[in-house]
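Chains as they are written, first to last, in the numbering used here: chain A, 1 to 327; chain B, 328 to 595. Note that the Cβ used here is the ideal one computed from N, Cα and C, for glycine as well. As the structure is a computational prediction, the values presented were derived from the model and not from experiment. Report on one structure; see the data block that follows.
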Ligand SMILES: Nc1ncnc2c1ncn2[C@@H]1O[C@H](COP(=O)(O)OP(=O)(O)OP(=O)(O)O)[C@@H](O)[C@H]1O
Ligand SMILES: [Mg+2]
């Protein structure tokens, strides 16, 4: 296997132009990606997060050769996604979430047989491999039922089975656990991790922060068609101002009090939000030197004051970065 | 991980696609009933239309109605399956696979040829039933063989149409407009030689026109047709079919590129 990054994109943009109506055509133009530069190393799970409409699916489809970029270049496994599709396609797997994408009138097993043939899975191995992937996603018992009888989660599992059937070197997973119950979602995450130990590179999009936190050593955040951050979780914590988060709750604060909190050493951010009848301040703290007692000391007139500390979560990071981008 | 990637083969993909088409049909065979109604109607209308037209009117009636129903089965079926792929969301994983979509379409077209032949059989039964007697075919075995041959030339058009369906969601609309021109032009409604002379060269653009004319040679005693003989017709059919398949291959390569640019592989 060659080295070099699994994914390398430079200035990838994508514009969608769609027309509505027949005689009086109305043109709409959406700039889904506005210049994405991204490098993803081989052999790990890379997580792409971002709000609805940020362009995650669009980017995933470009990387998996289902969509041409409007401009820019994208290499996967060192090969161009626009010019070397014949080399790339057998080596990549794609799982687009959702209930569509299956032949509903035939069984799960038949769906897999069909795609095994299209991918050229060696014919002598086909049945064994199908059995294997069905087992891996936990669909063995339902394998011979029509997929129209499948629940949403079962369909999702079958998508994953199809994605790994031909043993791709790189696997694109667009929201792989959407619609799965907690147990199935956990099993799926376990499956994803086991694929990495087989040497597969995984590119994953998700809206579940804990999922990214649990699975992805490196994460990028896409917002409105641009990568706004790309780092390890710790790196991202630093980026948004510290890996300690204080939550301070009381029935209202004065501006003067909030300002004094801001001036504590190592405090990078204080955000205020209504929280039921109370107000909650969220503080991002960069150093060890400031303590909860310092905070209490600055807020003497609040008998109902509640203060606690926790680790800055990916969700905090995400919300900070996405909000920043929006303003 | 495997060092070398698995390789698809065209024949295997086409067989897989044919097999899936059969399985999907077997899952709901009751759909056979609506698709049986059209050949019955075509057969009855055609019988009335050709009644009294010479001693071989039965053969004309069967060929005319047979072609109409096969057009529906073969052409429509081929394109429609692609439209359905788009609706199901299966077009994306199929295009993403290493197999060029053309070979998937070929498999389905083969299935449509089979179901088209079935429609032809119904037409035959209906017309013979209405007439109360079977037609006197000059060479029954050759007639059957050429009947299958006509289907295959039709299938070539089906492949070209499927490419349109990949390209646009509005392909069905275009195809409907083309349908009537095809009925008249290929001589399935009337033998082309009876039409104004100007129509003949247009009709020759369609491979089935040639194949159908060849079929008339072996079915109707003393038939003269276009005048270049049975083998001339067969050669013309083979050549024009080859041209259609080559065009289809080219279109498919371009169309795939274009849909990747347009981003309309999936309906939302
Ligand atoms: N085929 C298409 N035609 C027109 N516009 C499109 C098409 N696909 C995506 N878009 C637009 O591009 C933008 C990005 O969409 P995309 O699906 O990539 O977002 P996403 O990050 O995956 O969102 P979500 O989290 O909701 O899945 C959106 O504004 C969307 O409307
Ligand atoms: Mg998406």
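Query, Result
"Opening and closing residue of the beta strand (DSSP E) in which residue 278 of chain A lies", "278-285"
"Inter-residue CB distance, residue 172 of chain A and residue 252 of chain A (contact presumed, cutoff 8 Å)", "That pair is no contact at about 48 Å."
"Residue 410 of chain B beta carbon less than 9 Å from that of residue 96 of chain A", "no"
"Assumed close pair residue 118 of chain A, residue 426 of chain B - CB separation to whole angstroms, cut-off 8 Å", "4 Å"
"Heavy atom of ligand 2 within 8 Å of residue 316 of chain A beta-carbon", "no"
"Interface residues of chain E facing residue 106 of chain A [CB-CB closer than 8 Å]", "Within the model displayed, chain E is absent; protein chains A and B are what it includes."
"Near-chain A residues of the region 414-438 of chain B (beta-carbon distance less than 8 Å), N- to C-terminal order", "415, 416, 417, 419, 420, 421, 422, 423, 424, 425, 426, 431"
"Residue 175 of chain A Cβ short of 8 Å to ligand 2 heavy atom set", "yes"
"Separation of residue 419 of chain B from residue 392 of chain B, as counted between CA atoms", "37 Å"
"Residue 343 of chain B at chain A interface by Cβ criterion, 9 Å", "yes"
"Per-residue DSSP class, three states only, for residue 11 of chain A", "strand"
"Option nearest residue 4 of chain A by Cα separation, candidates A/66, A/79, A/277, A/264", "A/79"
"Coarse secondary structure for residue 83 of chain A, derived from DSSP in three states", "coil"
"Which listed residue (A/52, A/194, A/63, A/176) has its alpha carbon closest to that of residue 12 of chain A", "A/63"
"Where residue 275 of chain A falls: helix, strand or coil (DSSP)", "strand"
"Residues that residue 205 of chain A bridges to, as DSSP identifies them", "A/48, A/174"
"Environment of residue 519 of chain B [buried if 16+ CB atoms lie within 10 Å]", "Note on residue 519 of chain B: pLDDT 47, under 50, position unreliable in the model; the coordinate value appears next. Per the 10 Å Cβ criterion, buried."
"Residues of its chain near residue 249 of chain A, where Cβ-Cβ distance is below 6 Å and the 5 sequence neighbours each way are ignored", "278, 280, 306"
"Contact set between residue 340 of chain B and chain A, taken where Cβ atoms lie within less than 7 Å", "117, 118"
"Range covered by the beta strand (DSSP E) that runs through residue 228 of chain A", "226-232"
"Assigned exposure category for residue 591 of chain B - 16 Cβ within 10 Å defines buried", "buried"
"In DSSP terms, what residue 269 of chain A is bridged to", "A/284"
"Cβ-Cβ distance between residue 385 of chain B and residue 105 of chain A below 9 Å", "no"
"Test: residue 166 of chain A CB closer than 9 Å to a CB of chain B", "yes"
"Alpha-carbon spacing of residue 371 of chain B relative to residue 396 of chain B, whole angstroms", "12 Å"
"Near ligand 2: residue 190 of chain A beta-carbon under 8 Å from a heavy atom", "no"
"At least 3 beta-carbon pairs within less than 8 Å: the region 182-199 of chain A vs the region 129-140 of chain A", "yes"
"Beta-carbon contacts of residue 374 of chain B that lie in its chain and below 6 Å, excluding the five residues immediately before and after", "388, 454, 457"
"Rounded straight-line distance, which links the Cα of residue 287 of chain A to that of residue 296 of chain A", "17 Å"
"Cα-Cα separation, residue 88 of chain A to residue 444 of chain B", "40 Å"
"Test: residue 492 of chain B CB closer than 9 Å to a CB of chain A", "no"
"Chain-order list of residues whose beta-carbon lies under 8 Å from that of residue 222 of chain A (same chain, five-residue window excluded)", "36, 48, 49, 50, 54, 55, 56, 59, 228"
"Proximity test, residue 356 of chain B beta-carbon vs ligand 1 heavy atom, cut-off 8 Å", "no"
"Terminal residues of the beta strand (DSSP E) in which residue 94 of chain A lies", "92-96"
"Beta carbon of residue 464 of chain B nearer than 9 Å to that of residue 546 of chain B", "yes"
"C-alpha distance - residue 148 of chain A paired with residue 233 of chain A, whole-angstrom precision", "40 Å"
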